[in-house]
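Scroll down for the structure; my scribbles are underneath it.
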Amino acid sequence: MRTDKISVKQVAFITYIAMIVEVFIKPSQAVSSLSAKSMVVFAILDAVFTLLICLPVVKLLDKWQTTTSCALELFAAAILLLAAVDSIIQTEGYYRFVSDKKMPAVLLIAIVLAIVAYGATQGIEAVARASLVVLVIFCCTFFLLIAANISQFKITNLQFEFTGRENWAKALFGSLSFPPEIIIFLVAQRVAKGEKAKAFSKTILTLLGTYIVLAVSTEMVLGSFASLQSQPAHTLARIGSLSVFTRLDAVHVSVWLLLAIFKITTNVAVALTLIKPYVPPKYKDKLIYGLIAALSVLCFGCYMCHITNMKTLLRCATVIFVLSIYVIKKVRANKDAKV
Amino acid sequence: MEKTLPPNIAQTKRSLKESFGDSADFYMKDITIGGHACCICTLEGLSSLEKLWIMMLDAVNDMSRHPVTAEELFLYIWKRTSIPVDQNIVTDYPNLIKFLTAGTSVILIEGLTRGIVVSTQSMQYRSVGEPSGEGNLRGSREGFTEPLRVNISLVRRLIRSEHLYIETSTIGVLTKTEVAVFYHKDTVPESLLKQVKQQLSKIKLQMLFDTGYLAPFLDRHPLSLFTVGGYTERPETVAAKLCEGKIAIMVNGSPFALIVPTFFSENFQSMDDYSQRPYFATFIRLLKYAAFLIAILLPGIFVAIANFTPELFPAQMLYKVAAAEQATPMPLFVEALFVNFLLEIVREAGLRLPKPIGHSVSLVSALIIGDAAIKAGLLGTPIIVVAALTSITSYVIPSLYEPIIILRVLFILAGGIIGPIGIVALGLFLILNICSIESFGVPYTAPLTPYNSSVFKDGLVRASWKKLSKKRFTIQDLPGAGFGDEK
Numbered sequence: 000m001r002t003d004k005i006s007v008k009q010v011a012f013i014t015y016i017a018m019i020v021e022v023f024i025k026p027s028q029a030v031s032s033l034s035a036k037s038m039v040v041f042a043i044l045d046a047v048f049t050l051l052i053c054l055p056v057v058k059l060l061d062k063w064q065t066t067t068s069c070a071l072e073l074f075a076a077a078i079l080l081l082a083a084v085d086s087i088i089q090t091e092g093y094y095r096f097v098s099d100k101k102m103p104a105v106l107l108i109a110i111v112l113a114i115v116a117y118g119a120t121q122g123i124e125a126v127a128r129a130s131l132v133v134l135v136i137f138c139c140t141f142f143l144l145i146a147a148n149i150s151q152f153k154i155t156n157l158q159f160e161f162t163g164r165e166n167w168a169k170a171l172f173g174s175l176s177f178p179p180e181i182i183i184f185l186v187a188q189r190v191a192k193g194e195k196a197k198a199f200s201k202t203i204l205t206l207l208g209t210y211i212v213l214a215v216s217t218e219m220v221l222g223s224f225a226s227l228q229s230q231p232a233h234t235l236a237r238i239g240s241l242s243v244f245t246r247l248d249a250v251h252v253s254v255w256l257l258l259a260i261f262k263i264t265t266n267v268a269v270a271l272t273l274i275k276p277y278v279p280p281k282y283k284d285k286l287i288y289g290l291i292a293a294l295s296v297l298c299f300g301c302y303m304c305h306i307t308n309m310k311t312l313l314r315c316a317t318v319i320f321v322l323s324i325y326v327i328k329k330v331r332a333n334k335d336a337k338v
Numbered sequence: 000m001e002k003t004l005p006p007n008i009a010q011t012k013r014s015l016k017e018s019f020g021d022s023a024d025f026y027m028k029d030i031t032i033g034g035h036a037c038c039i040c041t042l043e044g045l046s047s048l049e050k051l052w053i054m055m056l057d058a059v060n061d062m063s064r065h066p067v068t069a070e071e072l073f074l075y076i077w078k079r080t081s082i083p084v085d086q087n088i089v090t091d092y093p094n095l096i097k098f099l100t101a102g103t104s105v106i107l108i109e110g111l112t113r114g115i116v117v118s119t120q121s122m123q124y125r126s127v128g129e130p131s132g133e134g135n136l137r138g139s140r141e142g143f144t145e146p147l148r149v150n151i152s153l154v155r156r157l158i159r160s161e162h163l164y165i166e167t168s169t170i171g172v173l174t175k176t177e178v179a180v181f182y183h184k185d186t187v188p189e190s191l192l193k194q195v196k197q198q199l200s201k202i203k204l205q206m207l208f209d210t211g212y213l214a215p216f217l218d219r220h221p222l223s224l225f226t227v228g229g230y231t232e233r234p235e236t237v238a239a240k241l242c243e244g245k246i247a248i249m250v251n252g253s254p255f256a257l258i259v260p261t262f263f264s265e266n267f268q269s270m271d272d273y274s275q276r277p278y279f280a281t282f283i284r285l286l287k288y289a290a291f292l293i294a295i296l297l298p299g300i301f302v303a304i305a306n307f308t309p310e311l312f313p314a315q316m317l318y319k320v321a322a323a324e325q326a327t328p329m330p331l332f333v334e335a336l337f338v339n340f341l342l343e344i345v346r347e348a349g350l351r352l353p354k355p356i357g358h359s360v361s362l363v364s365a366l367i368i369g370d371a372a373i374k375a376g377l378l379g380t381p382i383i384v385v386a387a388l389t390s391i392t393s394y395v396i397p398s399l400y401e402p403i404i405i406l407r408v409l410f411i412l413a414g415g416i417i418g419p420i421g422i423v424a425l426g427l428f429l430i431l432n433i434c435s436i437e438s439f440g441v442p443y444t445a446p447l448t449p450y451n452s453s454v455f456k457d458g459l460v461r462a463s464w465k466k467l468s469k470k471r472f473t474i475q476d477l478p479g480a481g482f483g484d485e486k
């Protein structure tokens with residue numbers, strides 16, 4: 000990884016893109032039947048919780064500028080690769096949901112993995128540079144989505160009471176709390192220049208802002224039907240129209256799929272940089288093939304076993320990873336202080 | 000063959016005879032100047048015999064006293080005559096050949112191991128005219144021509160500074176072509192210059208006739224569709240790039256300068272941008288970006304929608320597309336490929352044939368493809384319209400013509416075989432490909448990404464000259480610029 004060619008802004012961009020995908024492409028068993036107000040409150044709680052746990056770690060890593068440990072790095076890579084598998088399965092499910100013509104899952108997974116393999120071999124710098132292009136495209140379509148629906152906003156549709164109490168616990172651990180993509184920031188920021196804690200806070204807050212805008216917009220357009228939608232953003236895109244442009248959903252879906260593949264690429268690219276130092280030199284160039292083969296096996300395994308959502312497992316693993324860094328760094332700091 | 004010139008002219012003449020053989024243009028004449036045996040050698044066509052003899056007569060007429068020794072004669076011609084002698088003196092055989100092939104004449108004097116080089120060049124070449132490939136509304140109408148020396152003078156005339164350095168060398172085992180490296184000492188990054196010179200010195204070509212031969216040796220991304228070197232025929236473009244800290248390379252015999260490093264955003268800029276009002280220049284630049292996207296994406300998206308999600312078409316258009324597809328024997332995807340290949344064949348034929356026949360080819364192909372093929376029901380009207388539109392848009396950015404054509408075909412294949420997800424996947428591949436390229440240590444996508452405020456000064460947007468003139472811009476100001484440490 001080149002240390003002088005990646006800025007903390009770019010790291011924030013790739014992290015934001017990796018996290019925002021799930022707001023638009025919902026996992027198949029995502030929490031529903033909650034009002035926008037409940038979702039917003041839980042999202043805020045989740046964001047605060049994430050910041051409280053992660054910010055000290057970001058600051059610690061900033062001070063040390065060093066890697067944590069071999070086991071932890073490989074653990075982080077494993078989480079990212081599993082998250083990539085989860086995202087591939089999710090993307091395949093989403094494409095099946097939005098597409099009329101069914102495409103064999105094998106073909107779709109193969110296409111995604113081919114792009115991921117290419118992107119990951121180009122390195123984190125290329126991915127970081129591409130992030131701005133992807134982000135600009137996403138922002139344009141997001142504003143288009145809101146603009147296309149603004150004529151249908153009804154403030155009376157907003158529910159002001161907390162509904163769906165039975166799903167509160169699920170919502171609290173399911174909206175924005177500890178996505179495994181936090182690891183992308185923690186790993187990539189080591190080689191980036193700039194104020195890292197500030198960038199991380201901004202990333203989480205922007206993510207929260209996007210989430211709130213989407214949740215409120217969906218409810219203002221769909222009313223109580225919003226909580227019944229499995230893919231609310233897609234419904235919003237399908238309904239929205241701007242002048243003579245009535246089928247903007249095609250644009251939105253394409254962009255969200257682009258984001259999803261980009262996220263998977265980022266996960267694998269970062270995992271690659273984590274694993275590479277521990278691989279013998281002669282195998283370094285071939286490592287990507289190994290990773291792609293492993294991802295293919297895992298994807299088809301999950302597909303055959305109908306494992307469609309590993310979010311809870313990944314979130315727990317991320318919390319363990321972040322806390323482990325914190326503990327290790329603190330112990331080392333204490334040792335250094337004694338010496 | 001001896002390397003240094005012998006004192007005996009006859010021996011040198013024999014060597015020259017051996018080298019040039021019975022070449023029709025090789026001219027050698029024995030003369031006596033001031034009582035000393037001399038020999039004049041030159042190549043007709045490259046050098047003017049008339050000019051040479053006028054000079055010689057002038058020198059002999061003015062001779063008040065006959066030089067006693069050969070050395071005295073040498074010094075007399077060298078210093079006291081009005082003959083425009085070259086500063087260089089030939090002392091060895093390879094240099095003698097070099098000067099003769101450069102169009103100069105050489106005077107050899109019996110008893111001396113060196114010869115006098117006389118500037119009598121008189122080559123026939125295309126005059127300086129308007130560049131054929133880079134039209135401008137305003138600004139200079141001059142374009143480079145083939146002789147390197149003329150091109151050097153054109154650039155020198157625009158940058159009247161002692162800091163404009165032009166270094167020449169020869170490349171090509173058989174052709175010994177002169178290559179010039181232009182740079183501005185004040186603005187060029189040292190490591191970039193070193194890197195370019197190093198790469199050039201490593202080139203082992205048998206022949207060299209164009210700057211395009213050198214580009215692959217300077218490019219570290221041979222498999223990428225985009226190249227890190229840009230071409231121009233305009234001296235003022237070279238001058239502007241040199242002032243930004245870039246390096247221009249020119250080859251004798253080619254009117255194209257190769258500029259390194261070149262960035263993606265520069266393909267959408269032209270010299271006219273700087274003469275027009277900023278708002279209009281910005282509009283044109285954005286229009287070019289849109290044209291680029293239309294040129295590569297439109298047929299692919301059209302085929303993907305028609306084949307996989309036809310409900311996205313407006314009702315009227317859907318009926319027309321469906322009717323056209325029903326009436327033609329080939330599927331839409333094959334039609335799109337066929338029409339695009341046909342357009343390229345027509346373009347290629349029009350380009351290579353003599354101009355009068357080229358026009359006929361265009362006319363015949365337009366009639367056959369545009370009219371007869373539709374009437375016969377071989378091709379549908381919608382796909383012809385799409386192909387024509389994309390073909391026109393691809394001419395808006397001539398420097399990206401090659402990648403546009405390849406990408407267009409790839410997008411048609413992706414859209415036709417895989418559908419919308421194919422377009423998305425290939426789109427991401429393209430973004431990653433462009434973003435992974437580094438042009439001599441600077442990201443090819445700079446200043447778009449990594450982002451730099453200069454994108455709103457002279458990138459996507461062209462700011463006013465008042466704003467641009469506040470700070471001198473060089474490529475070292477670009478984000479991520481790390482010269483010399485390219486992967």
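Those protein sequence lines, which keep their order, are chains A and B. Last residue of the first sequence: number 338 in numbering that gives the first Met the number 0, and the count goes up by one each step with no gaps. Last residue of the second sequence: number 486 in numbering that gives the first Met the number 0, and the count goes up by one each step with no gaps. Just so you know, even glycine gets a beta-carbon here, dropped at the ideal spot from N, CA and C.
Look at the Cβ atom of residue 201 (chain A), then the Cβ atom of residue 6 (chain A), and state whether they are nearer than 8 Å. no
Is the CB of residue 288 (chain B) under 8 Å away from at least one CB in chain A? no
Quick one: list the residues of chain B neighbouring residue 117 (chain A), beta-carbon separation under 7 Å, in chain order. 428, 431
What three-state label does DSSP hand residue 358 (chain B) in the structure shown? helix
Should residue 230 (chain B) be labelled buried (16 or more other beta-carbon atoms within 10 Å of its own) or exposed? buried
For residue 181 (chain B), name the three-state secondary structure that DSSP assigns. strand
Under 8 Å, CB to CB, which of the residues in the region 299-310 of chain B have a partner in chain A? 304, 307, 308, 310
The beta strand (DSSP E) enclosing residue 144 (chain B), as first and last residue numbers: Careful: residue 144 (chain B) lies outside any beta strand (DSSP E) and carries neither H nor E.
Please return the same chain residues whose Cβ sits closer than 8 Å to the Cβ of residue 310 (chain B), not counting the five positions on each side in sequence. 317
Can you give me the Cβ contacts of residue 82 (chain B) inside the same chain, cut-off strictly under 7 Å, excluding the 5 residues immediately before and after it? 54, 58, 76, 117
With DSSP run on the structure shown, which of helix, strand or coil describes residue 275 (chain B)? coil
Among A:59, A:305, A:36, A:322, the one whose alpha carbon lies nearest that of residue 104 (chain A): A:305
Just to confirm, is the Cβ distance from residue 110 (chain B) to residue 89 (chain B) under 8 Å? no
Whole-angstrom distance between residue 178 (chain B) and residue 29 (chain B), CA atom to CA atom: 34 Å
Own chain, CB closer than 7 Å to residue 270 (chain B), minus 5 neighbours either side, in chain order: 135, 138, 233, 235, 236
Comparing alpha-carbon positions, which option in B:173, B:163, B:175, B:168 lies nearest residue 185 (chain B)? B:163
Please report whether the beta-carbon of residue 191 (chain A) lies at a distance below 8 Å from any beta-carbon of chain B. no
Can the beta-carbon of residue 118 (chain A) be found closer than 8 Å to that of residue 126 (chain A)? yes
Cutoff 8 Å; reference residue 320 (chain B); Cβ partners in own chain excluding five residues on either side: 305, 309, 312, 331, 379, 381
Any idea what DSSP makes of residue 80 (chain B), helix, strand or coil? coil
Hey, is residue 417 (chain B)'s beta-carbon within less than 8 Å of any beta-carbon in chain A? yes
Do you know how far the Cα of residue 235 (chain A) is from the Cα of residue 97 (chain A)? 13 Å
Taking only runs of the beta strand (DSSP E) that begin and end inside the region 78-147 of chain A, which ones reach a length of at least 3 residues, in chain order? none
Own chain, CB closer than 8 Å to residue 84 (chain B), minus 5 neighbours either side, in chain order: 76, 77, 115, 116, 117, 118
Delimiting residues of the beta strand (DSSP E) encompassing residue 40 (chain B): 35-42
On a CA-only basis, which of B:156, B:86, B:123 is nearest residue 490 (chain B)? Give me that one, please. This structure cannot speak to residue 490 (chain B), because chain B is shown only from 0 to 486.
Is the region 295-309 of chain A touching the region 77-88 of chain A, taking contact as three or more C-beta pairs under 8 Å? yes
Are residue 13 (chain A) and residue 263 (chain A) close, meaning C-beta to C-beta below 8 Å? no
Is it buried or exposed for residue 280 (chain A), if we count other Cβ within 10 angstroms and need 16 for buried? exposed
Give the interface partners of residue 444 (chain B) over in chain A, defined as CB-CB distance under 7 Å, in chain order. 128
If we require 4 or more residues per run, which alpha helix (DSSP H) segments fall completely within the region 412-463 of chain B? 419-435, 454-457
So that I know if they touch, is there some Cβ in chain B lying closer than 8 Å to that of residue 293 (chain A)? no
Are the C-beta of residue 496 (chain B) and some C-beta of chain A separated by less than 8 Å? Any question about residue 496 (chain B) goes unanswered here, given that chain B covers just 0 to 486.
Hey, is residue 0 (chain B)'s beta-carbon within less than 8 Å of any beta-carbon in chain A? Per-residue confidence for residue 0 (chain B) stands at a pLDDT of 47, beneath the threshold of 50, marking its modelled position as unreliable; no derived number is given.
How many angstroms separate the CA atom of residue 169 (chain B) from the CA atom of residue 176 (chain B)? 5 Å
What is the rounded straight-line gap between the Cα of residue 197 (chain A) and the Cα of residue 35 (chain A)? 28 Å
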